[in-house]
Structures are given as structure tokens and as C-alpha cells.
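Peer 1:
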Amino acid sequence: MTSSSSPNNSNRFDVFLSFRGEDTRHTFTDHLYAALRQAGFSTFRDSDDISKGHLLEPEITKAIIDQSKASIVVLSTNYATSTRCLEELVLILEQRRKFDHFVLPVFYRIDPSDVRNQKHSFAVEVEDEGSKWTEGNVNRWKAALTKVSNLSGITIKGSETDCITKIVDTIDSELDVKLVSTPAHLMGMDIRTEYINSWLKNEQSDAQILAICGMGGSGKTTLAKYIYNSHKQNFESSSFLEEIGKHNEQSYSLIALQEQLVTDILGEKTERIPGVSEGTAKIEKALQLKRVLIVLDDINDKDEISTFLGTEAFHTQSKIIITTRLLDVNAWFGSLSWRCHVHEVELLNDDESLKLLSWHAFGSNIPIEGFEDLTFELARYCGGNPLAIEVLGSSLFVNAEDSEKRNSMIEIWRSKLNFLNSQKGDLYSNIQCILHNSFDSLPCTSYKELFLHIAIFFVGEDEDYVGNILEHDWHAKAGIKTLISRCLLTVSRSKKLMMHQLLQDMGRNIVREESKDAAKRTRVWFSDEAYRLLRKGNGSETIEGLALDARKLKKGTKLVTIKTSSLARMEKLKLLQLKFVRVSGSYNNFPGLRWLCWHGCHLEIIPSGLWMNSLVAIDMSYGIIKKFEPPMVLNSLKILNFESCHNLVSVCNLHRTPNLKTLILRECINLTHLCKSHYTKTHSWSRLSISDEVCRPGSGYGQCGRRPRASRK
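Numbering (the UniProt record's numbering), first residue to last: 1 to 713.
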């Protein structure tokens, strides 16, 4: 074979597929094409609308001669009955003779000797005048069949999956295109890459940088790798720098990455770079020389961008992709000349999740019989997170051919699902390790504490509600923005704080790991643990938050009245959530409380001894309270919630709550008195949000106004 350069050095395709459509298009060739694409090889496959038996269309000829580095010829039973296939083969072998074009024959369930000797379905004969089967054509086709049969190839008789893997490995070895690895089973990539493909092809785009954002494990890096493999051949140079965040603390590690980047751009080994700043300067010069595609994976801050791109303008047709857990990356480019588009990675939908879990658990894209419901529930638990699905599915692998073990495996699956739902264990350390990185990288301790409080007590609560409660001690308003930008938290359209299930579990595991003894942890939320702790009076000064819901106690547990003395040792207690729990004793033991959520409170009035100076929010919903009258000025109080307190008749002395922002009186069907005495003298009514339109400025109520019974909502 002549070793010379191709007529077109910037090949558009890595691989051209030649095959007989009616034999393998929707089976073997389809699977091979998908595997090549997933491995990152740009692959040409003729479209379904090319007429059978016709000579090569111009676009196919061009693909073979000018734009492909290699060809795979799938020789199947009816391959030689198609003049189109035979003409393709002639041109492929001509390309091989003239240029460095690799050809791999695949003998699909046929005997290679039949091709070599033109026997059986590979017998080509001259036909009547007017036919394409002329003597000249037949002789060319016979010679081509003989030549291709003598090339080193792959014969398929058994497992197609193993053979496809071997084919992809062979192409990888022969072409040496320096691709980056991607998972074997990718879901929904064509849909998820549409926008990015369009951006890459648009040389007039106002943004040369694209940020792929998302939570840990959501598939950011996989998406970037898939895009990189698909488009690197369209640029003069390319480079993929992986997991930059892990290298950031060691300068020598950053220098090694800089050296790799310069080498990739220039196409030659660079001299040793003495320091990070020198490396940045060298990169800036290299970026001005060529049209490049660069991926910077796992970027955490603006400084990392500057380290690998500098601050100078680079080639106008270059494209830079970064992956990051942050969403507010545009702030990094405010002082630079570059523009950045933000693309938030889309998690898998239910169908894709089910298929991916099935692939890893069964080796098929559908569950095997008996596992359908369990597979769906486990896939849904993962919330569309590809990493979670892959690790979970792999840990539950079932050999579909081993029917004897199927029943025992079903029980294992059911036990695993129950275990996950119980949230009592260290849930999948591999997954949590990835997610834990997002938590560990938070800039300050208060944000980490904020994350844990939200994960345990406030998922599903109103953003402003949580912000007000946690602002004083944990800088919640700024912290919530940080958690959102790092994809550790989301806000629904209704302004509720939402958190991925795996992130919630991670937060709870972090607290569990503080101590085996619940009394020595910072937060106690599992009701049985909280009940045992309070019943025995074992609370400690480490506890900052406690939740007890009587409805969640184990069956058969007889709930006795909890004594306030059980809380006396919890000197740092700030968050207390009781649901349908009876409490007795002195209420002087809660001097630092910020949040008192006591649903179903059995008291008719708030105890006079309750220290409320630090309270930001009081939630007494579903209780039997009859009257609320603060005994003193409560400067910290911002939220009062008496929803569904059907016995509530009067709310008085609101002038003692000068900073009250929200008063919830929904379903207070017997409320007749709402006192606003002196309220307008201390602050504006317009700043107070009152549910159910209980009161409005200028309503005409006196010192203690009367109102009709509130309508139900």
C-alpha cells in the first residue's frame, strides 16, 4: 500500500461504512454505527433514500475519495447482488491503493472463501446487453472481491457485541486520532448536542466560550467528551484537559496541564515550563496561531480560566468549552473581551433513565421479566443523574440467562430499594464521593452548615421563608445563591427550595458521620432517634436542630408527653420542629431559638415563659391556640403562621412585632379580632404580607378590629 498523504488533509469523516442495506441496516450496521459514534469516530453512513441498485451518488463518492480516513466493508449475504455496493468497494480499494486509507473487511455470517472465490451469493456473472453487469464491470468487481477477501478482517459468527467492540478497537488503533473516552452506553446525546453543534458550526457567533453547567454526576464531562470527539477533526488543533479542579492546589500539577495544552495546540513537545505565569504566557501566544477546539473540564473559578487561556484575544474561529458545577459563570467574563454562553446540562428523562439502568443491570435496554417495577422505582430514585444510575445499576447486575438466581435477585433488588428509601445507610459511596466534592468546595463553613440545614429541615420550603430564618447565623440569602449557582440547590417556579434526592442523602450522611450517638450530632431529624433522645433526656450542647414528628414513630410506640427539661442541655438549639407532640414543663430553656415549628400544638396560648427574643419564625399551624398576644417587643420576629388554627379568635399587640413581614391566617375560620393598635406608627402595613386578606390599611378596624369569618381557600 502506498503511504502518501490524502488529497484532503482535513478529513471530514473518520470512517466510511459500506454495507448492504436490506441485510444489516437495521441490525448489525445500526449497532456498529452507534458504537463508532459513541467512541467518538465521525462516521459516514449512506442515507436510506438512496435508491437500491443505483451507482454511487456524488456525495458518497466524495465521502470515500476526499473525506474519510478509513472504510469498514460489511460483507453480507446479498452484498454482491448490489451494483452500488460493488462500485463502492472498487473505489474504496482504489483509495487504499493511492493513499493511506485503512480498509477493514467484516464478514457478516458468511464464509470469507465465498468472497475470495466468488461462490454462492458472491458469484457475479455477465448478464444480457443493456445491463450494468457487463464484462468490464464484472471483471472489476471480481478483482475487488478477491482483494478485499485477502485483507485482514473480522469474521462474525457468535456475539455481535464482542465483534463490534473489536472493530471499534481496531479502528482506534489504526487511526490514532487521540480521542477521549466516553461511557459505553450514552442516552439522548443527539438531542442534547443540537444546540452545541449549532454553536460550534457558527463562526459568526458572538461567543467563543460555552459553559456546560450542572450538578456533580449529571453528565457534563460526558457531554463535553462526546462533543469533543465529534468535532475535533474540524479544527487545526484540539485539547481536552480533564478534572482541572483536582489539580488546582498544586502548582506543579497545573504546569503539567499547561504543558499538555501547549503541546496539543502546537503539535510538538513543548519545552519545560518553569512556572504557572510563564505557562499562561506561552498558551496565549499559541492560541493566536491556530483555530482550536479546547475543553477545560471541572472549572471552579475565574482564576482557572485565566491560567489556561490568559486574557488576550485568541483566534476568532476557535471554540472553548468549559464544564463547571457553577451557573453564574458569566460573571467571570465581565472584565474580559470574550463572551460566554451558558448551557445547563439536561438530566435524563424517565425513559432514558430506565434504559440506562437496564443496560448496566441487565445488559439490555429493557428490564428482564419480573424486574420491571423495581427497575422503574430505582431509576426514578436516581432523579435522572447518569452517574447515580450507572453505579446503582452496576451494583445490581443480573445475569439474564441465569433463571435459577432470578428470584433471589428480585429479593435483593427489593431490599436495596427499601434500603435506599429508608435513608439510614451510607448510600453508595462512589456516588456520594462525587457529590461530596461539590459540598467540600463551598467557600466557607457557614455555607456548608446552611446546606446541611436545608437538606435536613427545609427542602420544599419557600425560599424567602428559609432565607429569613437562617440569615442571621448562616448568611442564608447569599449562601442560597451560592448553593444554587453550584447546582446543590434549585428553586422551583413557585419559589420553593428543591434539592436532588442524592444531595439530600449526602447531607444527612455527613451529619450521621459526626457520631454514632445521635445525641452528639449537630442535627437530629429521624423521629425515632429524636424521641428516644428526648425521652431519656440525653440531649447535648452540640445539637443545633431537632425534628420530631409523632406520626413517623414506629408502630406501637406510645408517645408520652415530652418534658421541656429534656431540651435544657441543648444550649445551641436554634431550629426546633415538633409535629403533633405534647410538651410540658418550663419554657425558659429555649433562649437561642430562631425557628419554632410546632404543628398541632396542644396549647391554647403561647406560654408566657417562652423566650422569644431570638425567634424569627413561629409556625403553630393546625394547633388549638385561641389567642396570640406577644408579651414583649419581638424585634427578630418576621414570620407568624397560624394556618388552620380553627380555634384562633384573636391576634393582638402586633405593634410589638415591628419587623413582622408575613402573617399567615389561612383557614382560621373563627378569627374575629385582629389588633393593629399603634401598628402604623412603628412601620408600614405595606411591608406586611397577610394571607387570606385578613386586614388591609384603612379598613376601619378600631384599636382591636373585628372582621367577618374568613372564607376557606
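Even for Gly, the Cβ is constructed at its ideal location relative to N, Cα and C. Because the structure is a prediction, the values reported are computed rather than measured.
Which whole runs of the alpha helix (DSSP H) in the region 525 to 608 are 4 residues long or more, in chain order?
Peer 2: Runs found: 527 to 536.
Peer 1: With distances taken Cα to Cα, identify the nearest neighbour of S650 among I624, H500, H101.
Peer 2: Of the listed residues, the one whose Cα sits closest to S650 is I624.
Peer 1: How big is the Cα-Cα spacing for P631 and N641?
Peer 2: Taking the straight line joining both Cα atoms gives about 18 Å.
Peer 1: L533 to A518, Cα distance in whole Å?
Peer 2: Roughly 8 Å separates the two Cα atoms.
Peer 1: List the residues that DSSP assigns as beta-bridge partners of N641.
Peer 2: The partner list for N641 (beta bridge, DSSP) reads D619, I664.
Peer 1: With a Cβ-Cβ cutoff of 7 Å, do V124 and V106 count as a contact?
Peer 2: No.
Peer 1: In the DSSP assignment, what are the bridge partners of E344?
Peer 2: Partner(s): C213.
Peer 1: Hey, would you say A530 sits closer than 7 Å to L553, going by beta carbons?
Peer 2: No, these two residues do not count as a Cβ contact at 7 Å.
Peer 1: Three or more C-beta pairs under 8 Å: does that hold for the region 310 to 327 against the region 153 to 173?
Peer 2: Taking 8 Å as the limit for Cβ pairs, the verdict is that the region 153 to 173 does not touch the region 310 to 327.
Peer 1: Comparing alpha-carbon positions, which option in H453, F457, H472, K477 lies nearest D464?
Peer 2: Of the listed residues, the one whose Cα sits closest to D464 is K477.
Peer 1: Could you give the distance in angstroms between the alpha-carbon of K536 and the alpha-carbon of K638?
Peer 2: K536 and K638: Cα-Cα distance of roughly 34 Å.
Peer 1: So which of A361, G158, I484, N385 has the shortest CA-CA distance to residue 741?
Peer 2: Summary: the structure shown does not reach residue 741, with the chain confined to residues 1 through 713, and so no result is reported for it.
Peer 1: Using only CA atoms, which one of N229, C597, D303 lies nearest to residue 732?
Peer 2: The structure shown does not extend to residue 732, since the chain is modelled only from 1 to 713, so the question has no answer here.
Peer 1: Starting from T43, trace the beta strand (DSSP E) in both directions and tell me its first and last residue.
Peer 2: Unbroken beta strand (DSSP E) run through T43: 43 to 45.
Peer 1: Quick one: give me the first and last residue of the alpha helix (DSSP H) that S230 is part of.
Peer 2: It spans 220 to 231 - the alpha helix (DSSP H) in which S230 sits, taken as one unbroken run.
Peer 1: Taking a contact to mean a Cβ-Cβ separation below 7 Å, would you say G609 touches N588 in this structure?
Peer 2: Cβ distance < 7 Å, so G609 and N588 count as in contact.
Peer 1: Answer with buried or exposed for I366, where buried requires no fewer than 16 other C-beta atoms within 10 angstroms of its C-beta.
Peer 2: Exposed: under 16 other Cβ atoms inside 10 Å.
Peer 1: Within the continuous alpha helix (DSSP H) that includes S113, where are the two ends?
Peer 2: Where S113 is concerned, the enclosing alpha helix (DSSP H) stretches over 112 to 117.
Peer 1: Between Q233 and I156, what straight-line distance do the alpha-carbon atoms span, to the nearest angstrom?
Peer 2: Approximately 30 Å between the Cα atoms of the pair.
Peer 1: Between which residues of its own chain and Y428 is the CB-CB distance below 7 Å, once the five residues before and five after are set aside?
Peer 2: Because the pLDDT of Y428 is 47, which lies under 50, any placement of that residue in the model is unreliable, and the question is left without a value.
Peer 1: Does DSSP put R656 in a helix, a strand or coil?
Peer 2: In this structure, R656 counts as helix in the three-state DSSP scheme.
Peer 1: Please give the ranges of any beta strand (DSSP E) in the region 247 to 323, keeping only runs that are unbroken, at least 3 residues long and fully inside the region.
Peer 2: Counting only runs of 3 or more, we get 292 to 296.
Peer 1: Tell me whether G158 is buried or exposed, calling it buried when 16 or more other Cβ atoms sit within 10 Å of its Cβ.
Peer 2: Exposed, because fewer than 16 other Cβ atoms sit within 10 Å of the Cβ of G158.
Peer 1: Note down, in chain order, each residue of its chain lying with its Cβ closer than 6 Å to the Cβ of T490, except the 5 sequence neighbours on either side.
Peer 2: Contacts found: M498.
Peer 1: Counting pairs of beta carbons, one from the region 17 to 28 and one from the region 67 to 85, are three or more of them closer than 8 Å?
Peer 2: Short answer: they touch.
Peer 1: Would you check if the region 217 to 226 and the region 334 to 351 touch, i.e. whether three or more CB-CB distances between them fall below 8 Å?
Peer 2: These segments touch.
Peer 1: I need the straight-line Cα distance from F333 to A211, nearest angstrom please.
Peer 2: Cα-Cα distance, rounded: 11 Å.
Peer 1: Using a threshold of 7 Å, state whether the C-beta atoms of A379 and L354 are closer than that.
Peer 2: Contact flag set, yes.
Peer 1: Measuring alpha carbon to alpha carbon, tell me which of R97, G370, E369, F376 ends up nearest L356.
Peer 2: The candidate whose alpha carbon is nearest that of L356 is F376.
Peer 1: In this structure, does DSSP put P631 in helix, strand or coil?
Peer 2: Three-state DSSP puts P631 in coil, outside helix and strand.
Peer 1: Would L405 be called buried (16 or more neighbouring beta carbons within 10 Å of its own) or exposed?
Peer 2: Inspection of the sequence shows that residue 405 is occupied by Lys rather than by Leu. Exposed, since its Cβ has fewer than 16 Cβ neighbours within 10 Å.
Peer 1: Could you give the distance in angstroms between the alpha-carbon of V15 and the alpha-carbon of V103?
Peer 2: Spanning the two alpha carbons is a distance of roughly 9 Å.
Peer 1: Which same chain residues end up closer than 8 Å to H683 when comparing Cβ atoms and leaving out the 5 residues on each side of it in sequence?
Peer 2: Unreliable positioning characterises H683 in this predicted model, as indicated by a pLDDT of 46, which lies under 50. A coordinate reading is not provided.
Peer 1: How many whole angstroms separate the CB atoms of E284 and E312, which I take to be in contact at a CB cut-off of 8 Å?
Peer 2: E284 to E312, Cβ: 5 Å. Contact.
Peer 1: In angstroms, rounded to a whole number, what distance separates the CA positions of H185 and W359?
Peer 2: One C-alpha to the other measures close to 7 Å.
Peer 1: Look at R549 and S515 and say whether their C-beta atoms are less than 7 Å apart.
Peer 2: Reading off the sequence, residue 549 comes out as Asp, not Arg. Result no, Cβ atoms of D549 and S515 do not sit closer than 7 Å.
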